[in-house]
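What follows is one structure encoded as structure tokens, with my remarks underneath.
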Amino acid sequence: MALYIGKRVLYGFIAIWIISILSFIIIQLPPGDYVSSYIANLAAQGSSLDQAEAENLRIFYGLDKPWHIQYLKWASRIVTGDLGYSFEWEKPVMSVIQGRILTTVLLALFALVFTWLFAIPIGIYSAVHKYSIGDYLATFLGFLGLAIPDFLIALIAMWFGYSIFGWSVGGLFSPEFGTAPWSIAKFLDLMKHLWVPVIILGTAGMAAMIRVVRANLLDELSKPYVVTARAKGISEWKLIMKYPVRMALNPVISMSAYLLPYLISGSVIVSVVLSLPTLGPTLLKSLLSQDSYLAGGIIFLIGIFTILGTLISDLLLLWIDPRIKFEAR
Amino acid sequence: MSSESNIEKVDNINSEERVSVASQGQLIWWRFRKHKLAVFSAILLLLLYLTTLFAEFFATSDPLESEAFRGLIQPQPIHFFDEGKLSPHVCAMEGTRDPYTYKKTYKPNCDKKTPVEFFTKGYEYEWLGLIPMDRHLIGVPEGYLAEEHIFLLGTDIQGRDMWSRIWVASRLSLSIGLVGVTLTLIFGISLGGISGFYGGFIDTIIQRIIEIIRAVPTIPLWMALSAAMPFSWSIVQIYFSITLIISLFAWTDLARVVRGRFLSLREEDFVTAAVLSGANERRIIFRHVMPSLYSHIIAAVSLAIPLMIISETALSFLGLGLQAPAISWGTLLQGTQNVQSVALYKWLMIPAFPVVGSILLFNFLGDGLRDAADPYSD
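The listed protein sequences correspond, in order, to chains A and B. Note that this note's numbering numbers the first sequence so that position 17 is 11, with each residue one more than the last. Note that this note's numbering numbers the second sequence so that position 370 is 1707, with each residue one more than the last.
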């Protein structure tokens, strides 16, 4: 078991390493480097920098070195929590995105919980009442959820909110809490706003999860142990919840590992449409203005969250499904 | 009565015999035919792809022609009858400006009619970029002003006709799915096949790569990679880069399907028989294993295409995909990025319908194909 956990943690580190390389490539992709952007910035403000000074700056930042040395330098700074400097905001990247990290994580986590809360019961119902009207309805809604991209659902929600209820759906805080420091009142205010994007984000993953629960439970329902339990006279409800559902839930946990990156991906677009204060809109802005350290930093952070999430769901599966312990040996 | 049941019996025997001698392709086809929804979707999709060839023929005005004074006109319905007589026309839209808000609003004025003609001459275009033509399905006879035209689905903020734009946009949006899936197929089949056939160390490496790719959120990476494309690139360059970027992360599902099938087929008796009779690796892969994979691959492909279409739409919607002169459903939806336009100019959301529709059709088709792919299961 320790071996299994060790293996998983090792994979996690390898994945983080690969993501750091990807982020570094993204930082390097736009033409020009830190210093040429800096010079362009200075020129925009009316001052200038001569050739020798520019060269000195390049040496100071190590931009004259080959790329792998630059990568090592960048990576070693990342380990200390320094993600570089944002040209557009003229602040360190970390202080630009600090306030938005928590909202991003909360949005994805709540969307995952929402998906579980609705998809599992619907999936169980669909499997137990196979080919009933409810089953067909669930399948149809699932297809619709798969077919409508997140940002379209967000647009439709916005339109509904505006034209029917007169709300402007969007944002995560009431104006008075926007810049206020974190407090219980601010957190409650966040909860009041969070449910709309959570539902929007949750629908797409829900469709896939309903199908997984349904398919797995259908497989389990026809197994002999279910027939045996039924022959012994256990009530149908108790029987289903006690045996086959528990078996069918394992794939749900392992699927959540893949759902998390999907949710974080989706949250970027949904946040842009609903202008939520998460990392998404900042990422889009930084990409459009070629603020490469900010963009690379955000992508790196988003990558780390998902890998942590995947790791947690792996360990969760280990705890729930004891058979894995034996396989790992 | 008894003779009838005899005939039925004979029929049954015949059909049973037919099943037992049918080829795998026939079995798959019979299975697929039973999925009415999937067959229906397949036909509709074929028609849809066929219409993209004639997109300009369906368009009513030049999709790129912008006229500031006809911006944001609401959709105009065609009236087929005029005082009891068949004479298709649309009511002219008259714009008035609100003296306080300066917002221009259009009202149909049915005293001024613009006749609608079918198979009429309209703006000139080159069919498939080769043959100059000017025929259109619907149009307005010559001599009418630009704002007296026909706007079946309204106009966008720059006065471009939405109906025509949606038709022309379908060409890029739908084809990006096919082109992207071809790349995905190449990556998926080769890597999945290698992984499943050889197993062992190579398999472990490829599986780890797949796991890592699946653990990375794709949209931020797509966004970053497409934002890095130089502004000077042509539409064609951007188009192919976008498909490449999307398929770079999309091949993993297909690779998993192919690997799984390879792993199970490797243990089948007919493969062992082929090995024993001295067939070489290439012959085993392409002659014995691949044919029983085609159906699964086709099913996986039809489920991968809609993902491609969604991805392109999302990227273009954010302004990171296809750029201005190119039109896809995603770029058309860019006009709806704020509450104001969604609330006031509802018709700007219309491009969402072909997106959702085509994705639904592909999903129905893929579902039917996946069921039919394994004709021997129950």
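Don't be surprised by glycine CBs; every beta carbon is placed ideally from N, CA and C.
Per-residue DSSP class, three states only, for residue i
{"i": "residue 1659 of chain B", "result": "coil"}
{"i": "residue 11 of chain A", "result": "helix"}
{"i": "residue 1458 of chain B", "result": "strand"}
{"i": "residue 59 of chain A", "result": "coil"}
{"i": "residue 50 of chain A", "result": "helix"}
{"i": "residue 210 of chain A", "result": "helix"}
{"i": "residue 97 of chain A", "result": "helix"}
{"i": "residue 126 of chain A", "result": "coil"}
{"i": "residue 1339 of chain B", "result": "Residue placement at residue 1339 of chain B is poorly supported in this model, since its pLDDT is 48, which falls under 50; the coordinates still yield a value, given next. If DSSP states are grouped into helix, strand and coil, residue 1339 of chain B belongs with the helices."}
{"i": "residue 226 of chain A", "result": "coil"}
{"i": "residue 322 of chain A", "result": "Low per-residue confidence applies at residue 322 of chain A: pLDDT is 46, beneath 50, and the placement is therefore not dependable, though the value from the model is reported in the following sentence. It is helical."}
{"i": "residue 1446 of chain B", "result": "strand"}
{"i": "residue 1612 of chain B", "result": "helix"}
{"i": "residue 217 of chain A", "result": "coil"}
{"i": "residue 316 of chain A", "result": "coil"}
{"i": "residue 86 of chain A", "result": "strand"}
{"i": "residue 183 of chain A", "result": "helix"}
{"i": "residue 241 of chain A", "result": "helix"}
{"i": "residue 1559 of chain B", "result": "helix"}
{"i": "residue 3 of chain A", "result": "helix"}
{"i": "residue 44 of chain A", "result": "coil"}
{"i": "residue 22 of chain A", "result": "helix"}
{"i": "residue 1606 of chain B", "result": "helix"}
{"i": "residue 1568 of chain B", "result": "coil"}
{"i": "residue 68 of chain A", "result": "helix"}
{"i": "residue 39 of chain A", "result": "coil"}
{"i": "residue 285 of chain A", "result": "coil"}
Per DSSP, the bridge partner or partners of residue i
{"i": "residue 1427 of chain B", "result": "B/1451"}
{"i": "residue 279 of chain A", "result": "According to DSSP, residue 279 of chain A bridges with nothing at all."}
{"i": "residue 1464 of chain B", "result": "B/1468"}
{"i": "residue 1492 of chain B", "result": "B/1498"}
{"i": "residue 1434 of chain B", "result": "B/1441"}
{"i": "residue 1422 of chain B", "result": "B/1419"}
Segment limits, beta strand (DSSP E) that includes residue i
{"i": "residue 1475 of chain B", "result": "1468 to 1476"}
{"i": "residue 1416 of chain B", "result": "1416 to 1419"}
Range of the contiguous alpha helix (DSSP H) that encloses residue i
{"i": "residue 1603 of chain B", "result": "1589 to 1603"}
{"i": "residue 1678 of chain B", "result": "1676 to 1681"}
{"i": "residue 263 of chain A", "result": "244 to 268"}
{"i": "residue 76 of chain A", "result": "No alpha helix (DSSP H) contains residue 76 of chain A, which DSSP labels as neither H nor E."}
{"i": "residue 157 of chain A", "result": "That residue, residue 157 of chain A, is in no alpha helix (DSSP H); it is neither H nor E in DSSP."}
{"i": "residue 1690 of chain B", "result": "1689 to 1710"}
{"i": "residue 1633 of chain B", "result": "1631 to 1654"}
{"i": "residue 1668 of chain B", "result": "1666 to 1670"}
Between the segment 216 to 235 of chain A and the segment 137 to 146 of chain A, are three or more C-beta pairs nearer than 8 Å? no
Could you name each continuous beta strand (DSSP E) segment of 3 residues or more that falls completely within the segment 1349 to 1420 of chain B, going from the start of the chain to the end? 1416 to 1419
Please specify which runs of the alpha helix (DSSP H), each continuous and at least 4 residues long, are wholly inside the segment 1501 to 1555 of chain B, giving them in chain order. 1537 to 1552
Take every Cβ of the segment 217 to 233 of chain A, pair it with every Cβ of the segment 179 to 197 of chain A, and state whether three or more of those distances are shorter than 8 Å. no
Assess, as a yes-or-no matter, whether the segment 1384 to 1392 of chain B is touched by the segment 1404 to 1420 of chain B under the definition of 3 or more beta carbon pairs within less than 8 Å. no
Cβ contact (3+ pairs, closer than 8 Å) linking the segment 190 to 201 of chain A and the segment 120 to 140 of chain A: yes
Taking contact to mean at least 3 C-beta pairs separated by less than 8 Å, is the segment 106 to 125 of chain A in contact with the segment 200 to 215 of chain A? yes
Near-chain E residues of the segment 1633 to 1663 of chain B (beta-carbon distance less than 8 Å), N- to C-terminal order: In the structure shown, chain E does not exist; the protein chains are A and B.
Using 8 Å as the cut-off, can you tell me whether the segment 1613 to 1626 of chain B makes contact with the segment 1686 to 1706 of chain B, which would need three or more C-beta pairs spanning the two stretches below that distance? no
Please determine if the segment 1364 to 1383 of chain B and the segment 1450 to 1469 of chain B are in contact, where contact requires at least 3 C-beta pairs separated by less than 8 Å. no
Between the segment 1574 to 1589 of chain B and the segment 1509 to 1517 of chain B, do at least 3 Cβ pairs fall closer than 8 Å? yes
With three or more C-beta pairs closer than 8 Å as the rule, is the segment 1545 to 1565 of chain B touching the segment 294 to 308 of chain A? yes
Quick one: any contact between the segment 1400 to 1408 of chain B and the segment 1493 to 1508 of chain B, if contact means 3 or more CB pairs under 8 Å? yes
Would you check if the segment 1504 to 1514 of chain B and the segment 1623 to 1640 of chain B touch, i.e. whether three or more CB-CB distances between them fall below 8 Å? no
Does the segment 1589 to 1606 of chain B touch the segment 1518 to 1532 of chain B, meaning 3 or more C-beta pairs lie closer than 8 Å? yes
Would you say the segment 96 to 103 of chain A touches the segment 249 to 265 of chain A, given that touching needs at least three Cβ pairs under 8 Å? yes
Determine, using beta-carbon pairs with one atom in the segment 1648 to 1656 of chain B and one in the segment 1666 to 1674 of chain B, whether at least three such pairs fall under 8 Å. yes
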